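*Asks:* Below is the structure I would like to discuss, written out as structure tokens.
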Ligand SMILES: [Fe+2]
Ligand SMILES: [Fe+2]
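Listed below in structure tokens is the structure:
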């Protein structure tokens, strides 16, 4: 079925789907987030692993792995490949060729972790039947989930508004069937994402895990409002010993803190109370916040926090709020030097397969709730 998906509704915190993509120019940025003193071991409910996960030192790695014919960046101590916003029309059970190509490329970069900014399927329509929702996840399993598992790649992801929106209206979940479907898919042992979970009590909506020496926090930014109870959990998780002992902390959520594209600069398309949320992430030394939803690639920072706008691999490319660049689809390889917290991005345009020159992107973007700056211009 092909209901046209143009706009979506965002209730309470609302959200939509769409996007633009871009490739990256390699750039190195050095940041040294300062972890707070770690005294509390306050991991919540389900704590499966209190020991920092060690690097896969026994795994043989190439010095600069990449798909044949593509630019091959030098790998860091840890490599993450970031994808986002894979879907097409409402109810789609298939993916466009660029998405399939990106998934096929993943093992060739030899990442330690694949992260996804959400919108993995195309729900958020009450016109879809239960069978159609189930068929979407079967399509995800066939084209995305199974190939990533077969390649034995750990897969950390956040829920998008099209996967399982947490939107609430009159005290009731607006897309409860979507929420049930996404929970069911990801809690099926056959779909194990191969993560070293720290706290998976509310997986897949909000959870934490460690990969190599990096602590990752996933919050539910499928709407613009993160509930206060979840914010308490965020603080508890980030202040825990395991988080603070990690070499680096990364947070990921579907909605960004600040808008970057046209048509998605309205309330509901970015998180409410962004300044407060950023202050919390900064307080606990989070290095980078990764987001999806905007469908525009932009590597930025604000204050002490780096912002990776993951762009889009599927449909609905969008123009950045500044400049007049042609929108592109992107996938980003992040190489991390753990001792110095240096990160290098190599972003590819998934249509031309060329690397995006970061310097062609606007030096800053004035979002409705504040200016963010291209990360290579950090003073
Ligand atoms: Fe999207
Ligand atoms: Fe979205």
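Residue numbers (this note's numbering): 463 to 841. Backbone N, C-alpha and C define an ideal beta-carbon position, used for all residues, glycine too. None of these values were measured; they are calculated from a predicted model.
#1: Is residue 730 a contact residue of ligand 2, with contact defined as CB to any heavy atom under 8 Å?
#2: For the beta strand (DSSP E) containing residue 719, list its first residue and its last residue.
#3: In three-state terms, what does DSSP make of residue 591?
#4: Quick test of the definition: if touching needs 3 or more C-beta pairs under 8 Å, does the segment 732-746 touch the segment 770-779?
#5: Since residue 811 sits in a beta bridge, which residues does DSSP pair it with?
#6: Apart from the five residues on each side of it in sequence, which residues of its chain come closer than 7 Å, Cβ to Cβ, to residue 564?
#7: Between 753, 695, 704, 825, which lies nearest to residue 715 when the distance is taken from Cα to Cα?
#8: Spatial neighbours of residue 799 within its chain, please: C-beta separation below 7 Å, excluding the five flanking residues on both sides.
#9: Look at the alpha carbon of residue 506 and the alpha carbon of residue 703, and state the distance between them as a whole number of angstroms.
#10: Which same chain residues, not among the five before or five after residue 536, have their C-beta less than 6 Å away from its C-beta?
#11: Excluding the 5 residues flanking residue 534 on each side, which residues of the same chain have their C-beta closer than 6 Å to its C-beta?
#12: DSSP has residue 575 in a bridge; who is on the other side?
#13: Measuring CA to CA, which of 634, 757, 804 is closest to residue 547?
#14: Please state whether DSSP places residue 684 in a helix, a strand or coil.
#15: DSSP three-state label for residue 566, please.
#16: Any heavy atom of ligand 2 closer than 8 Å to the beta-carbon of residue 777?
#17: For ligand 1, is there any heavy atom lying closer than 8 Å to the beta carbon of residue 547?
#18: Along the chain, where does the alpha helix (DSSP H) containing residue 853 start, and where does it finish?
#19: When every heavy atom of ligand 1 is checked, does at least one fall within less than 8 Å of the C-beta of residue 581?
*Replies:* Here's the rundown:
#1: Translated into positions along the chain shown, residue 730 becomes position 268. Result no, Cβ not under 8 Å from ligand 2.
#2: Within the chain shown, residue 719 is the residue found at index 257, counting from 1. Here residue 719 belongs to no beta strand (DSSP E), and DSSP marks it neither H nor E.
#3: As a first step, residue 591 is located in the chain shown; it is residue number 129 there, counting from the start. It is coil, neither helix nor strand.
#4: no
#5: Taking the first residue of the chain shown as position 1, residue 811 is located at position 349. In DSSP, residue 811 forms a bridge with 792.
#6: In the chain shown, counting from the first residue as 1, residue 564 sits at position 102. Once the five neighbours on either side are set aside, the close Cβ partners of residue 564 are 545, 775, 793, 812.
#7: The sequence position of residue 715 within the chain shown is 253, counting from 1. It is 753 whose Cα lies nearest to the Cα of residue 715.
#8: Position 337 of the chain shown, counted from the start, is the residue given in the question as residue 799. Here the set comprises 538, 539.
#9: Locating residue 506 in the chain shown gives position 44, counting from the first residue. Locating residue 703 in the chain shown gives position 241, counting from the first residue. Residue confidence is low: residue 506 scores 34 on pLDDT, short of 50, so the model does not pin down where it sits. No coordinate-derived value is stated.
#10: Position 74 of the chain shown holds residue 536. Excluding sequence neighbours, residue 536 sits near 526.
#11: Looking up residue 534 in the chain shown gives position 72. 526, 528, listed in sequence order.
#12: One-based indexing of the chain shown puts residue 575 at position 113. 542, per the DSSP bridge assignment.
#13: Counting from 1 along the chain shown, the entry for residue 547 is found at position 85. Comparing Cα-Cα distances from residue 547 to each of 634, 757, 804, the minimum goes to 757.
#14: Here residue 684 corresponds to residue number 222 of the chain shown, with the count starting at 1. In this structure, residue 684 counts as coil in the three-state DSSP scheme.
#15: Within the chain shown, the letter at position 104 stands for residue 566. In this structure, residue 566 counts as helix in the three-state DSSP scheme.
#16: Position 315 of the chain shown, counting from 1, holds the residue named residue 777. For ligand 2, not one heavy atom lies less than 8 Å from the Cβ of residue 777.
#17: Working through the chain shown from its first residue, we reach residue 547 at position 85. It does: the Cβ of residue 547 is within 8 Å (strictly closer) of some heavy atom of ligand 1.
#18: An answer regarding residue 853 cannot be provided, because it is not within the stretch 463 to 841 covered by the chain.
#19: Translated into positions along the chain shown, residue 581 becomes position 119. Result yes, Cβ under 8 Å from ligand 1.
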